[in-house]
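The end of the sequence shown is residue 405 by UniProt numbering, with every number in the run present. Cβ atoms here follow ideal geometry from the backbone N, Cα and C, with glycine treated the same way. Here the structure is a predicted model, which is why all the values come from computation and not from measurement. One structure is given below, encoded as structure tokens.
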Amino acid sequence: MWELIQSNRRKSLILFFGMGALLILIGYVFGSFYNPESGGAVGVFFAIILWMILSTISYFAGSKILLAISGAKEVTKEVHPQLYNVVEEMKIAAGVPYFPKIFIIDDPAPNAFATGVKPENSAIAVTSGLLSTLNRYELQGVVAHEMSHIVNRDILLMTFAGMMLGAITLMSEVFFRGLYYGGGSRYRSKSSSKNSGQGQIIIMILALVLAILGPILAQLFYFAISRKREYLADASAARLTRYPEGLANALEKIANSSYKLRSANKVTAPMYIVNPLKREGMKLADLTSTHPPISERIKILRALQQGVSYKDYQKVFEMIYGKKEKIIPDSALKESIPVAPVMGLANSDKSFSPVDAKREANDAVMKLNNYKFINCKCGVRIKIPPDYNQPIVVCPRCGTRHQLG
1 MWELIQSNRR KSLILFFGMG ALLILIGYVF GSFYNPESGG AVGVFFAIIL WMILSTISYF
61 AGSKILLAIS GAKEVTKEVH PQLYNVVEEM KIAAGVPYFP KIFIIDDPAP NAFATGVKPE
121 NSAIAVTSGL LSTLNRYELQ GVVAHEMSHI VNRDILLMTF AGMMLGAITL MSEVFFRGLY
181 YGGGSRYRSK SSSKNSGQGQ IIIMILALVL AILGPILAQL FYFAISRKRE YLADASAARL
241 TRYPEGLANA LEKIANSSYK LRSANKVTAP MYIVNPLKRE GMKLADLTST HPPISERIKI
301 LRALQQGVSY KDYQKVFEMI YGKKEKIIPD SALKESIPVA PVMGLANSDK SFSPVDAKRE
361 ANDAVMKLNN YKFINCKCGV RIKIPPDYNQ PIVVCPRCGT RHQLG
């Protein structure tokens with residue numbers, strides 16, 4: 001897979017300079033709008049400074065910022081043993097030498113993402129809704145997908161893209177706020193001749209167009225270099241688990257969820273396994289804009305009946321789309337991996353209980369919020385909030401008094 005890793009490094013450089021050029025263009029046009037005489041140079045200067053600052057932040061602290069924006073909290077094995085074990089299994093299967101940090105986002109909408117600059121400082125974040133919705137094999141599929149992003153070095157690309165997209169969106173919002181609070185008056189005061197007035201009208205139109213289309217162009221640019229990575233992560237996940245139906249079922253459940261991810265925004269949305277935005281009024285096949293259609297991803301995974309190697313995925317991809325398009329590097333097309341017995345895996349997880357899964361996910365979130373747990377001899381599990389300041393708590397079922405130490 002060295003071809004893919006090298007390709008993603010090249011794409012990161014393309015993204016670095018492409019987003020930088022767009023930032024500089026926006027800075028020049030916005031600056032010229034407010035001050036036609038020298039504002040363009042000032043705008044370019046501040047755009048370059050912003051570009052350099054955000055690039056540095058993206059590399060050294062981008063993942064921490066994105067996790068904080070998402071409201072993610074780091075968990076240990078004691079908080080959610082099954083999630084920890086699944087991540088450990090996929091780490092071993094993928095041959096990753098470093099154990100990624102695990103985070104939970106307290107949100108009922110099922111979803112997940114991976115972030116980080118290098119495998120040694122990577123992280124996987126899942127929502128509490130994902131833990132309460134998926135069974136173990138579906139959770140394996142999602143974690144394997146995110147682990148694949150780490151192995152394939154997608155996470156640097158995703159983290160940097162998120163920060164740059166946020167910068168362009170921020171500049172557009174600042175421009176509109178400045179225009180609303182009186183920026184336009186300064187523009188009109190500079191119009192002293194017919195020629196300069198026409199020039200400023202052109203600048204004004206360009207500024208408005210970039211303010212509106214800048215974030216959209218940034219998203220499209222990101223999508224142009226990221227579409228294949230989602231297919232490849234799906235292929236890698238099927239290869240790691242040998243059970244493509246698990247990931248297919250997980251994608252279907254996530255896409256059909258009625259919950260809206262509260263912490264999602266334009267910056268973090270492209271990083272999730274399923275784009276959490278644009279749910280209302282859209283069909284399953286049209287759910288994403290920065291991701292390939294969910295229905296197509298599911299269709300490919302469920303068509304992997306003969307094997308789950310990269311070669312099998314490439315073959316099914318071309319069959320479904322009816323065209324030859326290479327999404328798997330040549331170095332990965334030589335292996336042959338059989339698919340796991342679907343019925344055996346499906347039947348072995350009949351013990352899955354959505355009620356128990358939801359309770360376990362809620363308990364994990366409570367532990368992250370410093371709740372204390374006491375298991376009473378009558379079978380009741382007492383959950384004590386962090387602001388409880390009494391020395392004794394009474395069991396609501398049997399009346400046993402428990403001393404808090």
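- Only exposed fits Gly95, as fewer than 16 other CB atoms lie within 10 angstroms of its CB.
- For Val87, the number of other beta carbons within 10 angstroms of its own is at least 16, and it is reported as buried.
- In the displayed model, Arg381 falls within a strand according to three-state DSSP.
- The region 101-120 makes contact with the region 65-73: 3 or more CB pairs, one atom from each, lie closer than 8 Å.
- Note: Arg153 is not bridge-paired with any residue in the DSSP secondary-structure output.
- Check the Cα spacing between Gly62 and each of Phe317, Glu360, Ala167 and Met204: the tightest is with Ala167.
- Of all alpha-carbon atoms in Leu22, Ser58, Pro110 and Ala144, the one lying nearest the alpha-carbon of Asn85 is that of Ala144.
- Per DSSP, the beta-bridge partners of Phe113 are Ala125 and Tyr272.
- Arg401: member of the beta strand (DSSP E) spanning Arg401 to Gln403, first to last residue.
- Judged by beta-carbon spacing, Val308 lies within the 8 Å limit of Pro244, meaning their Cβ atoms are closer than that value.
- No Cβ-Cβ contact shorter than 8 Å links Leu25 with Leu50.
- Annotation for Glu120: no alpha helix (DSSP H) segment contains it, and DSSP assigns it neither H nor E.
- The region 254-273 makes no contact with the region 320-331; the number of CB pairs closer than 8 Å stays below 3.
- By the CB criterion at 8 Å, Asn135 and Ile254 fall outside the cutoff.
- Of the residues assessed, Phe60 falls on the exposed side of the cut-off, its CB having fewer than 16 other CB atoms within 10 angstroms.
- Annotated three-state conformation of Asn375 is strand, per DSSP.
- The region 13-21 makes contact with the region 148-165: 3 or more CB pairs, one atom from each, lie closer than 8 Å.
- At a Cβ-Cβ threshold of 8 Å, Ala114 and Ala123 count as neighbours.
- Contact annotation: Gln219 and Pro36 have beta-carbon atoms that are not nearer than 8 Å.
- Taking the Cα of Cys378 as reference, the smallest distance to any Cα among Pro97, Cys398, Leu156 and Ser55 is reached at Cys398.
- For Val29, DSSP assigns no beta-bridge partner whatsoever.
- Shortest Cα-Cα distance from Ser257 to any of Glu296, Asn275 and Gly39 involves Asn275.
- In this model, Tyr137 and Asn152 are separated by some 22 Å (Cα to Cα).
- Judged by beta-carbon spacing, Ala248 lies within the 8 Å limit of Ile298, meaning their Cβ atoms are closer than that value.
- Beta-bridge partners of Glu74 (DSSP): Phe103.
- The beta-bridge partner set that DSSP reports for Val393 consists of His402.
- At the C-beta level, Pro292 and Tyr231 come within 8 Å of one another.
- Residue environment for Val126: buried (at least 16 other C-beta atoms within 10 angstroms of its C-beta).
- Proximity to Gln140 across Leu404, Ala357, Gly246 and Phe352 peaks at Gly246, based on C-alpha coordinates.
- Boundaries for Phe352: no alpha helix (DSSP H) harbours it, and the DSSP string shows neither H nor E there.
- Boundaries of the alpha helix (DSSP H) around Glu89: Pro81 to Ala94.
- Non-local beta-carbon contacts of Ile203 in its own chain, meaning distances under 8 Å to residues more than five positions away in sequence, involve Val29, Ser32, Phe33 and Pro36 in chain order.
- Ranking Gln198, Leu179 and Asp234 by CA distance to the CA of Leu208 puts Leu179 first.
- Under a 10 Å Cβ-count criterion, Pro391 is classified as exposed, with fewer than 16 other Cβ atoms of the shown protein chains found around its own Cβ.
- If you look at Lys323, you'll find it isn't in any alpha helix (DSSP H); DSSP assigns it neither H nor E.
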